[in-house]
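K.L.:
So that we are looking at the same thing, I have put the structure below in structure tokens.
Numbering (our numbering), first residue to last: 1 to 246.
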């Protein structure tokens with residue numbers, strides 16, 4: 001998937017085509033075991049009803065990547081005991097869809113105990129509205145991550161692993177962090193005031209805490225990086241693995 005798929009140069013194909021079956025198979029892996037292909041698969045899924053040869057080539061490229069990285073995956077040992085720390089990473093691909101200019105939200109959540117770090121939840125989804133700035137697209141993504149953080153914290157508490165400290169959600173957009181922490185509402189941000197207020201509420205009730213992180217540590221890239229990019233995979237298998245999707 002060298003570049004961005006669009007609807008501009010496409011050839012109509014039948015609904016029961018090989019392309020649809022292939023993307024359906026990739027979707028299972030993206031949702032259950034391979035967060036590193038989440039963005040690629042959601043991008044392919046937008047063209048199920050009217051794909052082209054270009055889209056089929058892109059889907060097969062993801063297959064080749066999976067074939068070359070069979071040893072990569074999530075690993076849960078079940079050996080850790082005691083307290084666990086929940087950390088989230090949020091990011092957005094501003095105006096990444098060249099057809100409708102919508103952004104894509106991506107987030108990843110990890111659960112850690114000492115040196116053991118396990119990815120437990122992730123998502124890549126096109127936003128429902130057209131963001132007018134990178135800060136807005138990042139805020140929408142952070143809001144989605146905050147909703148998930150509240151749910152996971154409640155689940156962990158029900159299982160006996162209450163989070164005593166606010167869950168850190170890593171963000172790389174300073175404007176987004178400033179709006180969340182200070183609930184800055186200006187004339188040009190009124191149309192997404194609810195998202196700002198929800199993130200601010202999560203911070204005020206000590207459910208979350210927004211922090212900045214270096215671009216080279218973007219675990220949220222599970223959600224927003226496409227084929228051809230370097231991504232960081234962290235799991236309980238030990239250490240980090242740098243993988244190039246080719």
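Ideal Cβ placement from N, Cα and C applies to all residues, glycine included.
(1) Per DSSP, residue 209 is paired with what?
(2) Rounded to the nearest angstrom, what separates residue 255 and residue 174 at their Cα positions?
(3) What does the Cβ neighbour count give for residue 289, buried or exposed, with the cut at 16 atoms within 10 Å?
(4) Take residue 19 and list the residues in its own chain whose beta-carbon comes closer than 7 Å to its own, dropping the five residues that flank it on each side.
(5) Rounded to a whole number of angstroms, what is the C-alpha to C-alpha distance between residue 167 and residue 120?
(6) Considering only DSSP beta bridges, list what residue 123 is partnered with.
(7) For residue 87, which of helix, strand or coil comes out of DSSP?
(8) Between which residues of its own chain and residue 22 is the CB-CB distance below 7 Å, once the five residues before and five after are set aside?
(9) Would you identify the three-state DSSP class for residue 50, choosing helix, strand or coil?
(10) Out of 192, 149, 29 and 63, which has the shortest C-alpha to C-alpha gap to residue 111?
(11) Spatial neighbours of residue 177 within its chain, please: C-beta separation below 7 Å, excluding the five flanking residues on both sides.
(12) Would you call the CB atoms of residue 108 and residue 93 closer than 8 Å?
(13) Which word fits residue 43, buried or exposed, when buried means at least 16 other C-beta atoms lie within 10 angstroms of its C-beta?
(14) Provide the residue span of the alpha helix (DSSP H) that contains residue 97, from first to last.
(15) Assuming the contact rule is C-beta atoms closer than 8 Å, residue 141 and residue 90 should be a hit. Round their C-beta distance to whole Å, please.
(16) What does DSSP give as the partner residue(s) for residue 117 in the beta ladder?
(17) In chain order, which alpha helix (DSSP H) runs of at least 4 residues are fully inside the region 24-70?
(18) What does the alpha-carbon distance come out to for the pair residue 76 and residue 118?
(19) Does DSSP put residue 135 in a helix, a strand or coil?
(20) Please classify residue 158: does DSSP put it in a helix, a strand, or coil?
(21) Look at residue 153 and residue 130 and say whether their C-beta atoms are less than 8 Å apart.
(22) Buried or exposed, going by whether 16 or more other CB atoms sit within 10 Å of the CB of residue 191?
(23) Taking Cβ positions, are residue 98 and residue 4 nearer each other than 8 Å?
(24) Confirm, please, whether the CB-CB distance from residue 196 to residue 156 is below 8 Å.
(25) Assuming residue 147 and residue 86 are in contact, meaning their beta carbons sit under 8 Å apart, how far apart are those beta carbons, in whole angstroms?
(26) Kindly indicate which residue of 158, 208 and 133 has the alpha-carbon position closest to the one of residue 189.
P.N.:
In brief:
(1) Listed as beta-bridge partners of residue 209 by DSSP are 168.
(2) Residue 255 lies beyond the residue range present for the chain, which begins at 1 and ends at 246; the question has no answer from this structure.
(3) There is no way to answer for residue 289, as the model of the chain reaches only from 1 to 246.
(4) 13, 51, 55, 56 and 59
(5) 14 Å
(6) 107
(7) Shown here, residue 87 sits in a strand according to DSSP, grouped into three states.
(8) The answer, listed in chain order, is 59.
(9) coil
(10) Ranking 192, 149, 29 and 63 by Cα distance to residue 111 puts 149 first.
(11) 171, 210 and 212
(12) no
(13) Burial of residue 43 is indicated by the presence of at least 16 other C-beta atoms within 10 angstroms of its C-beta.
(14) Residue 97: not part of any alpha helix (DSSP H); DSSP gives it neither H nor E.
(15) Between residue 90 and residue 141 the Cβ distance is about 5 Å, and since that is below 8 Å, they are a contact.
(16) 112
(17) 38-45 and 53-68
(18) 7 Å
(19) DSSP places residue 135 within a helical segment (H, G or I) once states are collapsed to three.
(20) Note: residue 158 maps to helix in three-state DSSP.
(21) no
(22) exposed
(23) Yes, the Cβ-Cβ distance between residue 98 and residue 4 is below 8 Å.
(24) no
(25) Their Cβ separation, rounded to whole angstroms, is 14 Å, which puts residue 147 and residue 86 out of contact at 8 Å.
(26) 133
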